[in-house]
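**Student:** Here this note's numbering is used: the first residue of the sequence shown is 22, the next is one more, and so on.
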Amino acid sequence: MEVPLQDLQTRSALLEPEYLAGIRRVLASGSFILGDSVELFESEWSSALLVDHTVGVANGMDAIEIGLRCLGIGPGDEVVTTSVTAAATALAIVRAGARPVFASVNPCTGLIDMASVERCLTRRTRALLLVHLYGYARDVQSWSSFCIQNGISLIEDCAQAHLAKSGGRFAGSFGDFGAFSFYPTKNLGAIGDAGAIVTNSKSLAVTARQVRNYGQSGRYEHVGLGLNSRLDEIQATLLSVGLKHLPLWTTQRQTVAAFYRNHIANPRVELLASPQDNSEHVYHQFVVRVSERTSFRQFLGDNGIQTDVHYPKSLDLQPVFREFARDPSGLSDTHAFTKTCVSLPCFPEISHDQASKVVEIVNRWNP
Ligand SMILES: *Cc1c(COP(=O)(O)O)cnc(C)c1O
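1) What does DSSP give as the partner residues of THR102 in its beta bridges?
2) At which residues does the beta strand (DSSP E) containing THR315 begin and terminate?
3) By a C-beta neighbour count over all protein chains shown, 10 Å radius and 16 as the cutoff for buried, is LEU321 buried or exposed?
4) Any contact of the segment 228-237 with the segment 245-264, i.e. 3+ C-beta pairs under 8 Å?
5) Quick one: what's got a C-beta closer than 7 Å to GLU12's C-beta in the same chain, skipping five residues either side?
6) Rounding to the nearest angstrom, what Cα-Cα distance links GLU242 and ALA117 in this structure?
7) Span of the alpha helix (DSSP H) holding ILE114?
8) Return yes when the C-beta of THR106 is under 8 Å from any heavy atom of ligand 1, and no when it is not.
9) Answer yes or no: do LEU225 and PRO369 have a C-beta to C-beta separation smaller than 9 Å?
10) Work out the CA separation of SER222 and ASP298 for me, nearest whole Å.
11) Within its chain, find whatever has a CB closer than 6 Å to the CB of ARG347; leave out the 5 residues flanking it on each side and keep chain order.
12) Going by Cα to Cα distance, which pick from VAL161, VAL76, ALA294 is closest to SER187?
13) Give the straight-line distance between the Cα atoms of SER174 and THR228, rounded to the nearest whole angstrom.
14) Would you list the residues sitting across from GLU177 in a DSSP beta bridge?
15) Excluding sequence positions up to five away, which residues of its chain have a Cβ less than 6 Å from the Cβ of THR389?
16) Can you name, in chain order, every residue of its own chain whose Cβ lies under 7 Å from the Cβ of LEU292, other than the five neighbours on each side?
17) With a floor of 3 residues, list each beta strand (DSSP E) that falls wholly inside the segment 185-262, ordered by position along the chain.
18) Just the Cα atoms here: how many angstroms apart are ALA182 and GLN306?
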């Protein structure tokens with residue numbers, strides 16, 4: 022029995038009738054960009070997260086860039102963030118004209134560390150870009166207070182955290198804005214690229230709608246130097262289909278994760294810190310830490326279990342980001358984390374037998 026990292030074919034086959042019905046509706050409407058399907062998905066996503074506004078855009082990276090531009094963050098400004106994330110997080114900051122500053126992570130969670138963020142603050146710091154890595158939005162209220170105290174904006178990278186909750190509130194609803202990606206492998210994925218900004222600020226939403234569409238306030242009225250970053254009607258209608266299933270998919274991910282947490286028992290395999298009460302970790306990835314990672318992955322692979330590493334090299338070590346600042350005390354915790362993290366198969370369609378096999382093989386590994 023093989024256990025893949027995820028299984029998008031099974032999901033697509035299940036959703037095919039609903040997808041095709043949606044695509045037919047779009048074809049019949051004759052309106053393919055920024056029409057009724059985008060408006061509908063935007064209102065559904067706002068209702069799902071209990072936020073006032075959703076602005077659909079072309080992808081998750083653009084969502085971050087556009088939100089930063091709406092906040093007037095650009096040249097001369099610094100944005101503190103983590104280097105254990107997708108490159109898009111830091112690239113979006115650079116695209117907005119600002120400079121990322123890399124803070125270290127807590128080795129028990131992989132999430133950004135507050136003492137390190139404090140060391141990264143300068144008089145140029147305008148925002149903290151918090152990444153809810155692996156689907157865990159940890160203690161976001163404390164970050165919100167931290168940002169208010171320090172007079173900076175809070176931005177949430179929610180690309181891995183659809184329907185995640187912290188202190189009973191949805192990820193994305195704490196910050197000046199939240200940025201979502203609907204890349205196909207995310208917890209809610211399109212059949213192509215898609216993204217969204219969520220916010221409770223009317224003015225940020227109005228500006229984001231202009232920026233995504235050539236900076237227009239109305240047809241041929243250009244009030245800003247905008248982008249072309251629109252969510253198209255077909256992706257929006259597919260996302261509305263997926264959203265109906267997302268609560269179940271999320272529960273299924275949490276069930277697998279709980280099973281792993283309860284049954285993985287190998288002294289060489291360390292679990293990440295368990296989620297706090299009153300929070301909902303949505304397990305975009307289920308990550309463990311193993312010091313002999315190569316041997317561990319080889320053993321699992323030989324037994325038909327796919328694994329991956331998120332991420333093998335933190336962004337501060339990528340040559341393209343070398344020029345950017347980092348925690349003056351260094352990033353040794355970050356590097357210790359990225360040397361040992363391993364992602365195990367955790368996806369809604371995984372069967373009980375497959376999950377049991379993962380546990381059995383992980384527990385049998387003895388290098
Ligand atoms: C996927 C991802 C992004 C980028 O989203 P795209 O839609 O691919 O641009 C940004 N941040 C994180 C943490 C991600 O996982």
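Every residue gets a Cβ at the ideal spot worked out from N, C-alpha and C, and that includes glycine.
**Tutor:** To lay it out plainly:
1) PHE123
2) Run containing THR315: none in the beta strand (DSSP E); it sits in the alpha helix (DSSP H), 314-323.
3) buried
4) yes
5) This structure gives no information on residue 12, because the portion of the chain shown stretches from 22 to 388.
6) 22 Å
7) 108-116
8) yes
9) no
10) 29 Å
11) PHE123, ASP337
12) VAL161
13) 17 Å
14) LEU151, GLY199
15) The chain is shown only over 22 to 388; residue 389 falls outside these bounds and no answer can be derived.
16) ARG282, ILE285, VAL309
17) 198-202, 216-220, 237-239
18) 10 Å
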